[in-house]
Amino acid sequence: MSSVLAQPLAFRPPRQAAQPREHGRWSVDAIEALFNLPFPELMHQAQTVHRENFDPTRVEFATLLSVKTGGCAEDCGYCPQAARYDTGVEASKLMEPAEVLAAAQRAQAAGATRFCMGAAWRSPKDRDIEKVAELVRTVKALGLETCATLGMLEDGHAQTLQSAGLDYYNHNLDSAPDFYGDIITTRDYQDRLDTLARVRSAGVKVCCGGIVGMGETRRQRAGLVAELANLTPYPESVPINNLVKVEGTPLANQADLDPFEFVRTIAVALHHHADG
Ligand code: SF4
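Residue 130 is where the sequence shown starts when you use the numbering used here, and the numbers rise one by one after that.
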């Protein structure tokens, strides 16, 4: 008998998650209690929520195109596009509408229904927003859902993009507030929340998630999920990313996150679709 099977098995009834909401907000304790559920129970709960809110046989395909790569002034510790890290990424100018159109047509032919355009800016200038608005109009004319991720937005930027036909704006919280400063120092958490508020008030749908596997604790993963769960209204898209380690970035040698912990994070985040 293997040493694994020699371990005594203890079957316990599933523990109930802590009261999910306190005073209308998700607490980090409540989210952490979900993380601590036995794995099959967590999967069952997440699947139940998913099936109540989505067609379980349907997967939406999205394509992300970097329309302006590299040369970014920020210091996000995971990002090969930050100019200060030697990652071999060459900085490039904003792509022309014809190039983006060709890429969007290829994405659509491959089955994508949403097309996201990412630009490595700390914060786009007014003239950048006008150029991206043109890209949005180009992609929207194909009948695709449009999404952009351009960094922090100033007043009026989101409105200009919305008028051009932007459906979604991606701006991630990245991590829990008490871990954020370990990863990024050139802008703070409130900057992110301010951009999300501008996007929301312009009538653009919010795509907002984070990255795990950056050295955070489970408690801090729960903290990220709590921040996302307490955004009102809940984001229409919530990307939970596992760190892609890139040579030359500060997180290049970060230890891998246990794959089951990554699955747990997605399962816990799924709970908030129920009342978001
Ligand atoms: S702001 Fe975006 S492009 Fe710039 S370093 Fe951070 S993640 Fe990379």
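Glycine residues also receive a C-beta, built at the ideal position from the N, C-alpha and C atoms.
Cβ of residue i within 8 Å of Cβ of residue j?
i	j	result
Leu163	Val397	yes
Ile340	Asn370	yes
Val218	Thr198	yes
Cys245	Ala212	no
Leu295	Arg321	no
Leu325	His300	yes
Gly206	Arg251	no
Ala305	Glu365	no
Pro209	Val375	yes
Thr361	Tyr214	no
Gly342	Phe389	no
His179	Leu357	no
Which class does residue i belong to by DSSP, given the choice of helix, strand or coil?
i	result
Val229	helix
Phe244	strand
Ile313	coil
Asn182	helix
Arg141	Bear in mind that a pLDDT of 41 at Arg141, under 50, signals an unreliable position, so the number given afterwards is only what the model happens to contain. It is coil, neither helix nor strand.
Val335	strand
Lys269	helix
Ala146	Confidence is the limiting factor: at Ala146 the pLDDT is only 45, short of 50, which leaves the residue's position unreliable and the question unanswerable from this model.
Leu194	strand
Glu274	strand
Val375	coil
Asp255	helix
Phe389	helix
Val218	coil
Asp307	helix
His401	helix
Mind checking whether the beta-carbon of residue i lies closer than 7 Å to any heavy atom of the ligand SF4?
i	result
Ala277	no
Cys208	yes
Gly280	yes
Glu203	yes
Arg251	yes
Ala211	yes
List the endpoints of the continuous beta strand (DSSP E) containing residue i.
i	result
Ser156	Per DSSP, Ser156 belongs to no beta strand (DSSP E) and is neither H nor E.
Asn124	The question about residue 124 has no answer, for the chain in this structure spans 130 to 405.
Terminal residues of the continuous alpha helix (DSSP H) containing residue i?
i	result
Leu325	318-330
Ser292	286-293
Arg348	347-358
Please tell me whether, using a cut-off of 7 Å, the distance from the CB of residue i to the nearest non-hydrogen atom of the ligand MG is below it.
i	result
Gly153	Here the bound small molecules are the ligand SF4; the ligand MG is not part of this structure.
Legend entry - Sufficient close CB pairs (3 or more, under 8 Å) joining the region 210-228 to the region 299-314: As far as the Cβ criterion goes, the region 210-228 does not touch the region 299-314, which means the pair count is below three.
Inset, instruction - Flag this pair as touching only if the region 240-260 and the region 268-276 have three or more C-beta atom pairs under 8 Å; answer yes or no. - result: Counting Cβ pairs under 8 Å, three or more are found: they touch.
Inset, instruction - For the region 325-336 and the region 347-355, state whether three or more C-beta atom pairs, one from each stretch, are separated by less than 8 Å. - result: Output reads no: the region 347-355 does not touch the region 325-336.
Legend entry - Sufficient close CB pairs (3 or more, under 8 Å) joining the region 159-173 to the region 181-189: Output reads no: the region 181-189 does not touch the region 159-173.
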